[in-house]
Amino acid sequence: MRYLPLTQSDRDAMLDVIGAASIDDLFVDVPEAARLDGAIRELPGHASEMAVERHLSALARQNTVAGDVPFFLGCGAYRHHVPASVDHLIQRGEFLTAYTPYQPEIAQGTLQMLFEFQTQVARLLGTDVANASMYDGSTACWEAITMARRITRKGKAILSAGLHPHYVSVATTMAKFTGDALETAVPDLAPGPDTASLIERIDADTSCVVVQYPDILGRIADLSDLAVACQAHKALLIAVVTEPVALGAIKSPGEMGADIVVGEGQSIGVGLQFGGPYVGLFGCKEKYVRQMPGRLCGETVDAESKRGFVLTLSTREQHIRREKATSNICTNSGLCALAFSIHMTLLGEAGLRRLAALNHRRAVQAADRLAQVPGVAIVNGAFFNEFTVTLPVEARPVVRTLAERGVLAGVSLGRLYPAEAALANGLVVAVTETVTDEDIEALASALGEVLA
Amino acid sequence: MGSGEPGGAATFTGNRALMLDEALIFEIGSTETTGVDFADSAAPTSDDRLGNLARSAPIGLPGLSEPETVRHYTRLSRQNYAIDLGLFPLGSCTMKHNPRLNERMARLPGFADIHPLQPIDTVQGALALIHQLQHWLVTLTGMDSVAMSPKAGAHGELCGILAIRAALEARGDVRQVILVPESAHGTNPATAAFAGYRVEDIPATEEGRVNLEALKARLGPDVAGVMITNPNTCGLFERDLCEISDAVHAAGGFVYCDGANFNAIVGRVRPGDLGVDAMHINLHKTFSTPHGGGGPGSGPVVFSKALTPFAPLPFVEKSGDHYVLVEEETAQDHHASAFGRMVAFHGQMGMFTRALSYILSHGADGLRQVAEDAVLNANYVLRSLNSVLDAPFGASGPCMHEALFSDDNLADGFSTLDVAKGLIDEGYHPMTVYFPLVVHGAMLVEPTETESKAALDQFIGALRSVAERAKAGDAALKSAPHFAPRRRLDETLAARKPVLAWKDPQLAQAAE
Chain L
738 MRYLPLTQSD RDAMLDVIGA ASIDDLFVDV PEAARLDGAI RELPGHASEM AVERHLSALA
798 RQNTVAGDVP FFLGCGAYRH HVPASVDHLI QRGEFLTAYT PYQPEIAQGT LQMLFEFQTQ
858 VARLLGTDVA NASMYDGSTA CWEAITMARR ITRKGKAILS AGLHPHYVSV ATTMAKFTGD
918 ALETAVPDLA PGPDTASLIE RIDADTSCVV VQYPDILGRI ADLSDLAVAC QAHKALLIAV
978 VTEPVALGAI KSPGEMGADI VVGEGQSIGV GLQFGGPYVG LFGCKEKYVR QMPGRLCGET
1038 VDAESKRGFV LTLSTREQHI RREKATSNIC TNSGLCALAF SIHMTLLGEA GLRRLAALNH
1098 RRAVQAADRL AQVPGVAIVN GAFFNEFTVT LPVEARPVVR TLAERGVLAG VSLGRLYPAE
1158 AALANGLVVA VTETVTDEDI EALASALGEV LA
Chain E
299 MGSGEPGGAA TFTGNRALML DEALIFEIGS TETTGVDFAD SAAPTSDDRL GNLARSAPIG
359 LPGLSEPETV RHYTRLSRQN YAIDLGLFPL GSCTMKHNPR LNERMARLPG FADIHPLQPI
419 DTVQGALALI HQLQHWLVTL TGMDSVAMSP KAGAHGELCG ILAIRAALEA RGDVRQVILV
479 PESAHGTNPA TAAFAGYRVE DIPATEEGRV NLEALKARLG PDVAGVMITN PNTCGLFERD
539 LCEISDAVHA AGGFVYCDGA NFNAIVGRVR PGDLGVDAMH INLHKTFSTP HGGGGPGSGP
599 VVFSKALTPF APLPFVEKSG DHYVLVEEET AQDHHASAFG RMVAFHGQMG MFTRALSYIL
659 SHGADGLRQV AEDAVLNANY VLRSLNSVLD APFGASGPCM HEALFSDDNL ADGFSTLDVA
719 KGLIDEGYHP MTVYFPLVVH GAMLVEPTET ESKAALDQFI GALRSVAERA KAGDAALKSA
779 PHFAPRRRLD ETLAARKPVL AWKDPQLAQA AE
C-alpha cells in the first residue's frame, strides 16, 4: 500500500471529525445487494515494486522488439530514432503530472507548448491553423469528414482507395450511426493512385474527398487537380498524412490546395507503442476554424498586458455545449503533442529535411536491392520511405516465416485486406533512418531464400 | 519591464529570481539550427523517386541545439502546476499520485518498441498484458466483457452508446431517445446526440440525485436507454440505481453508466451488481496513468452479457496457451454482430501497461482501500469546511470521493472564481469551478486517496482562509492571483480575436 499515506490512527481521527463510526458508514447509500463484504476474492492481493517489475518484464520479454531485428513495418506507424532528451523532458513532473490547463495563470508551460505545437503543425501541413491535437490519425480523419458535412451541408464522402483500411473502418463504423454516405474502394496494385477516377466521381452531393498522402501503398501524387475539382463542386479536399516525416521532403497537402489536413504524429517523438497512445494532427484553412474540432490554445494578455496563453473557442466543446457539441473530442493527446513538439524543435527545418532525405535514400536503396530478388517486383512509381512489392506467392505466410527467422519484413496486404484475393501477394515495406545496410541485406537474402 | 507586484521591486529583465519568462521557439530558434546529428552513411542515389513532388518552399520550422532545447522546455515546465508539486483538488478529474514504476514499465522496449501490425506470434507478451488487464476490469466491475480500444472517456461513452444502438437495431427495435439526468457529466448528452439520439433531461431531486419518479414516468418504447453518472457529479452515490436499472430494462432500454468516478467504489461495489449494461473506465483517473497536461487518456468499456455481442473490434482472446487478436467480424463466433472498429489499432497500449502496473501494485485489497481512503478524505474535507462554505448537499448523506460547495456564503460581488484565483496565491491548484451546473457557483473538491491527513489539513486551512476573505469582501482577492507566472488572463480577447499560431511580427505588419 505504498501509494496510500493514511495511517490507521489518521483514519480514526478523521472518522471522528466526520462523525462516522466506521468507514462502512460512508457507504450507506450503496444498496445492500451490491455491497461487497471484503476484497474481491477472485483477484490477488497487493504486490511489491520488485514483484510487479518482474512480472511485467517477463511479459515484455515475450515480444520481438523492433530495435533488436531487421525491421520494415509501416502502414500508419513508423519506427524513427527519438533523441534521448525528448523522453527526459516529457518525464519532468510538471509536464507529466499536470492536468488540462483550466487555470491558465499556473499552466503557461503547457499552454505555450501547445501554441508552439499548433504553429509547428500548421506550417508542416501547410494549413493556416492547427489544433492542440486529437486522439490519433484515424479519429482525426473521421472528425474531418464530419466537419466537412457541417461546412458543406452535404453528406456524401468519397474515400480514396489509398486511404488506410483501418481509417476507412473507423469512418464506416461512425457513418452507420450518423447517416453519412461513404464511397469506399480498395487499392489496385498500380504504380500511382487513381486521382482521375476520384475527380470523375465528385458531384453536387459530395461533401469531401479524402485522400492519403503518401497513400497506404506508399504512393504519392500531386493533389492540385483534385483540389481544383473539389472547389468546383463546393466539396472539401481532406488529405491524410500518416508519415509526417515525408513532409520534410515532399510538398505539403496545404500547399497543393487541401482544405483540411489531418495526420498521425506518432512518427515524430512518440514511438511505436503497439498502436497507442499516438497523436492526431489536425489543420485547416483559417475560414473554417470555428468548425474545427478539438482543443485550441490562443494568445492573449494578462491584467498587466504581458503575453500569455489560454484555451479558447471552447464554446464548441461538448462539456459546455452538451447535446449541441460538434465533435466527440473531449481531451487532446497533450503529452504526445509535447513529445512531437520537442522532437520537432530539436530537428528544426534543417534537421527535418536531412532526416527526410536520409529516409528517402535508404528506401530507394532497399527498393533497388529487393527488385533484384527473383520474383519480387516493385509496385510504386513514386514513393517516400515506404513502397509496395509483389511476391510470387501470398505475402502473409511469408511474413510469418521471415519473423521466425528473425526478420520483421513489412505489412502484408493480406493482414490489412483479408477479403481481397487480388492484394494477397502484396507486401508494404517501410524503410527509415533506423535501417542499416546489414538490415536491408538481411531482408533481401532471407526473402530470396524463402521464395526460392 | 519589471512588474510592480506587492513588495516586489522591478527587475531589469522582468524575471523574478528562479521564475524566468521564456520566449517562443519562433523567436529564439533558427531554421538553420538543429539539435540532432545524422550519420550520412547511406549510399547516395543518382536521383530521387519523389515524382516531381520534392518540396521547394521553406517550411518555417525553427530549430534549437540540444542544450537550448533542454532549457526551453525545462523553463516552460516551471510555469506549470502539477500533482508532483502539491495537492491538485480538481473534482471529477481525479488527480492522484502517478507512480514512476508505471512509467518505467511502459518504457520497457518489449512494450514501447513493438509495432501494432507485427505478426501475432511476435507480440504474445503484449496480448497477454491486455488480456490480464481485461480480466481485472471485468472482475472488478462484475461485468461480462470489455472493449479496450476507446482512446478517452468521451470516446468510451460513444462506444457504449453505439453498442446499445447496435443491440437495439439487431432486434429491429428503433428508439430515438436517451435520458440524461441533470447530475450527469456534460459529455454524456454530447455523446448521445453524436450517436444520433435525441437527448431528454431528467431533473435532480432536492438532495442531488436522479428523480426516480420522473425517470420512471418518462420510460417508454421510444427510450433507448439512460446515461447516468455514478457516483454522480454532486459527489453522491445514486442510491436508487438498482431500481432505475430494473425499470429501464423492463421498458426494453439499457443502462449506460459514466464510470469516470469509479475510483470512489472500486473494490467495494461492482457496477454489474447495480444492473449496469455498459460503463467506461477512465484508466487515467481510477488507475493513475498520468494526465500529461491534458491527455492521452484511455477509456475501456465494460459490457453486460446482453451487450457483449455488439462490442467493437478488436478483441484479445486466449486460445489454449496462445493469445489471439480478433480484428474482423467472424460469422461463427460471438463477434459476428460487433459494431465495427473505433480506432486504427488496439487502443492505448502505453496506458494499459501503466494501469496494470498500478493495479498489480495495489491488488484487490489495495484497490478496496483506495476507494475507502478517497471517500474518507472527501468527507473529511466536506465536514472540515462546511462551517465556512455552503455545502448544498451536506445533508444528503456522505459524499463519495468529492466534496461539493457553492458560492452561497460569499460576499456580494465575490464569486467562486475569486476563491479559485486566491487559492493559486496560496500555492494550490484550485478545485473544479462552475461544475456541476446543478449548483450555483459550484466548487468541486476531490482530494483523492494519495493525500495524507497533514496535506489535507494544510489545504483546508488555505481554502478556509480564502473563503473567509471572500465572505469579508477583501478587495485584494478580486485581482488575484498576484504571485503566479501570469495575472488574470483575458479570455474574452482570445476568443474574439483568435491568435492560434505565431506570425512573424515584421511580416504580419508588412502584410497589413
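Heads up: the protein sequence lines correspond to chains L and E, in order. Letter 130 of the first sequence, counting from 1, is numbered 867 in this note's numbering, and no numbers are missing. Letter 371 of the second sequence, counting from 1, is numbered 669 in this note's numbering, and no numbers are missing. Beta carbons are placed, not taken as given, at the ideal position from N, Cα and C, and that holds for glycine.
Does G739 (chain E) have its Cβ less than 9 Å from a Cβ in chain L?
-> no
If the cut is a Cβ gap below 7 Å, which residues of chain L does Y371 (chain E) touch?
-> L826, I1079
In the stretch 795-810 of chain L, which residues sit with their C-beta less than 7 Å from some C-beta in chain A, listed in chain order?
-> Note that chain A does not occur in the displayed structure, where the protein chains are L and E.
Beta-carbon contacts of G506 (chain E) that lie in its chain and below 6 Å, excluding the five residues immediately before and after = C532, L534, F691, S694
Cross-chain neighbours of L861 (chain L) in chain E, by beta carbon under 8 Å = I357, L359
Hey, quick one: how far does the alpha helix (DSSP H) through V907 (chain L) stretch, first residue to last?
-> 902-915
Tell whether a beta-carbon distance below 9 Å holds between E853 (chain L) and F386 (chain E).
-> no
Among E:P487, E:P448, E:V567, which one has its Cα closest to the Cα of T1063 (chain L)?
-> E:P487
Closer than 9 Å to chain L by CB, Q756 (chain E) = no
Identify the contact partners of F854 (chain L) in chain E, using a Cβ-Cβ distance below 9 Å as the criterion.
-> Here the premise fails: no neighbours, minimum Cβ distance about 10 Å.
Whole-angstrom distance between I953 (chain L) and F601 (chain E), CA atom to CA atom | 34 Å
Chain L contact for R568 (chain E) (CB, 9 Å cutoff) | yes
Which residues bound the alpha helix (DSSP H) around R496 (chain E)?
-> Where R496 (chain E) is concerned, there is no enclosing alpha helix (DSSP H), although the beta strand (DSSP E) it sits in stretches over 496-500.
Going along chain E, which residues have a C-beta under 7 Å from A776 (chain L)?
-> G565, A662, D663, R666
Just the C-alpha distance for I459 (chain E) and F310 (chain E), rounded to the nearest angstrom, thanks.
-> 58 Å
Is DSSP giving L742 (chain E) helix, strand or coil here?
-> strand
Taking the CB atoms as reference points, tell me whether K719 (chain E) and P779 (chain E) lie closer together than 9 Å.
-> yes
Neighbour flag for A770 (chain L) against chain E, beta carbons, 9 Å | yes
Should L735 (chain E) be labelled buried (16 or more other beta-carbon atoms within 10 Å of its own) or exposed?
-> exposed
Entirely within the stretch 553-617 of chain E and at least 4 residues each: give me those alpha helix (DSSP H) ranges in chain order.
-> 581-584
Is G440 (chain E) helix, strand or coil by DSSP?
-> coil
Which stretch, first to last residue, makes up the alpha helix (DSSP H) that contains A404 (chain E)?
-> 398-404
Is P990 (chain L) closer than 9 Å to Y1015 (chain L) when the C-beta atoms are compared?
-> no
Is the distance from the Cβ of V907 (chain L) to the Cβ of A642 (chain E) below 9 Å?
-> yes
Mark A877 (chain L) as exposed unless 16 or more other C-beta atoms lie within 10 angstroms of its C-beta, in which case mark it buried.
-> buried
Residues near A502 (chain E) in its chain [Cβ-Cβ closer than 7 Å; skip 5 each side] | P479, E480, S481, V508, N509, V736
Whether P414 (chain E) touches G1012 (chain L) by CB criterion (9 Å) = yes
When DSSP labels each residue in this structure, what does N378 (chain E) get in the three-state scheme?
-> strand
Would you tell me roughly how many angstroms separate the C-alpha atoms of A701 (chain E) and P529 (chain E), rounded to the nearest one?
-> 12 Å
How is I777 (chain L) classed by DSSP in three states: helix, strand or coil?
-> coil
When DSSP builds the beta bridges, which residues end up paired with F1046 (chain L)?
-> L:E1036
Close Cβ partners of L1084 (chain L) (< 7 Å) along its chain, the five nearest in sequence each way excluded = L1092
Does the stretch 704-713 of chain E come within contact of the stretch 367-380 of chain E, defined as at least 3 CB pairs closer than 8 Å?
-> no
Are there three or more Cβ pairs, one per stretch, closer than 8 Å when the stretch 652-660 of chain E is compared with the stretch 427-436 of chain E?
-> yes
Given 8 Å as the limit, is there contact between the stretch 826-842 of chain L and the stretch 377-396 of chain E, that is, 3 or more CB pairs closer than that?
-> yes
Can you tell me the Cα-Cα spacing of H792 (chain L) and P365 (chain E), whole angstroms?
-> 37 Å
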